[in-house]
Amino acid sequence: MQCMDGALDELLRKTDATAALIIDRGGPLLTERGQTKEFDTTTMAALAAGSFCATQAIAERVGESDFSSVYQQGNRHSILVIMIDESLLLILVFRADLGVGIMKYHAKAAIERIATQLAIARLPLRIQSTWSR
180 MQCMDGALDE LLRKTDATAA LIIDRGGPLL TERGQTKEFD TTTMAALAAG
230 SFCATQAIAE RVGESDFSSV YQQGNRHSIL VIMIDESLLL ILVFRADLGV
280 GIMKYHAKAA IERIATQLAI ARLPLRIQST WSR
């Protein structure tokens, strides 16, 4: 969790985003950083996961196989939901006057850092399951 929180803190510093969350694709909130007091992050996590999965299914119906993010532009805040790996999503909440391009640019490094650490953490589990066969 420290790696995730550190990556999110760095992402928030570089982008001036309001909040960053990591959620399971099923909806549960894993961690949150930034100014989250004004948001119901538990509900946001569940809704973002559902929205991402629904939009991904629509993209597949029109032949889009490389689908990795959903962007919602608002008047006060915008939201970017990006796939970290097959099971996790990053939610980035930022002021509407900030550009989505800079968010995607800096999110990429944070996602790579988190995904690498998750792969390393899962490695012993893969080795254990192979040995027990």
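Numbered according to our numbering, the sequence shown spans residues 180 to 312. Don't be surprised by glycine CBs; every beta carbon is placed ideally from N, CA and C.
Please report how far the alpha carbon of I202 lies from the alpha carbon of D188, in whole angstroms.
-> In a straight line, the C-alpha of I202 is about 16 Å away from that of D188.
Can you find a C-beta in chain C that's less than 8 Å from the C-beta of S247?
-> Checking the listed chains, one finds no chain C in this structure; it contains a single protein chain.
Nearest to A225 by alpha carbon, out of I281, L191, G213, L268?
-> Measuring from the Cα of A225, the nearest candidate turns out to be L268.
Please state if the CB of H256 and the CB of T194 are separated by a distance shorter than 8 Å.
-> no
Leaving out five residues on either side along the sequence, give the residues of the same chain with a beta carbon under 6 Å from the beta carbon of V272.
-> Listed in chain order, the non-local C-beta contacts of V272 below 6 Å within the same chain comprise T197, A198, H256, I258, local neighbours out to five positions each way being set aside.
Rounded straight-line distance, which links the Cα of F231 to that of L200 | CA-to-CA, the gap between L200 and F231 works out to about 14 Å.
From I299, A289, D276, A228, residue whose alpha carbon lies closest to that of V249 | A228
Can D245 and T210 be called in contact, C-beta distance under 8 Å?
-> no
Take Q235 as the anchor and find which of Q252, M282, V260 has the nearest alpha-carbon.
-> V260
Does DSSP classify Q235 as helix, strand or coil?
-> helix
DSSP three-state call for R301: helix, strand or coil?
-> helix
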